[in-house]
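Counting from 19, one number per residue, gives the positions in the sequence shown under the numbering used here.
One structure is given here, and the rest of the page talks about it.
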Amino acid sequence: MPTLQFSLVTMLELVEQGVLSLERLVWLMCHNPARLFSITRRGFLRPGYKADITMIRHCDAPWTLTPDLIQSKCGWSPLTGTAYHWQVAATICNGHLIYKEGRIVDNDYRGEALRFRMEE
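Structure representation (structure tokens):
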């Protein structure tokens, strides 16, 4: 998906512009997907849940999305040329540091299958 890599920083720009609150952003991007799809032990920071955490930072000067920053296999994004004031500093998946300062740091870690609580 060409925009997934930059979806969080795009939404954070909307927070900065006053379009939505930070609390609403957390519900939209973390809590609601886990609840709507009944993904167990995800979407919240709670004891017994998987440690899926994205660390962000506000930049002193804006940066522009260029093609060389795109890490998805498709290699393009409709957001190319967009200026951002936020960056993802690091990403932790299941307690494993997998992304830091613009680089994937653990190419071998692939996460684990999600578990869904489905009603029959």
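Don't be surprised by glycine CBs; every beta carbon is placed ideally from N, CA and C.
Neighbour-count burial assignment, residue i, 16 or more Cβ in a 10 Å radius
| i | result |
| --- | --- |
| Leu54 | exposed |
| Val156 | Nothing about residue 156 can be reported from this structure: the residues present for the chain run from 19 to 138 only. |
| Tyr127 | exposed |
| Trp94 | exposed |
| Phe24 | buried |
| Gly196 | An answer regarding residue 196 cannot be provided, because it is not within the stretch 19 to 138 covered by the chain. |
| Met73 | exposed |
As assigned by DSSP and simplified to three states, the class of residue i
| i | result |
| --- | --- |
| Arg121 | strand |
| Ala107 | strand |
| Cys92 | coil |
| Phe24 | helix |
| Leu54 | helix |
| Leu115 | strand |
| Arg42 | helix |
Residues sharing a beta bridge with residue i, DSSP
| i | result |
| --- | --- |
| Trp81 | Tyr102 |
| Phe134 | Ile57 |
| His76 | Trp104 |
Expected contact under 8 Å - CB spacing of residue i and residue j to nearest Å
| i | j | result |
| --- | --- | --- |
| Ile116 | Val123 | 6 Å |
| His76 | Trp104 | 6 Å |
| Arg60 | Ala52 | 5 Å |
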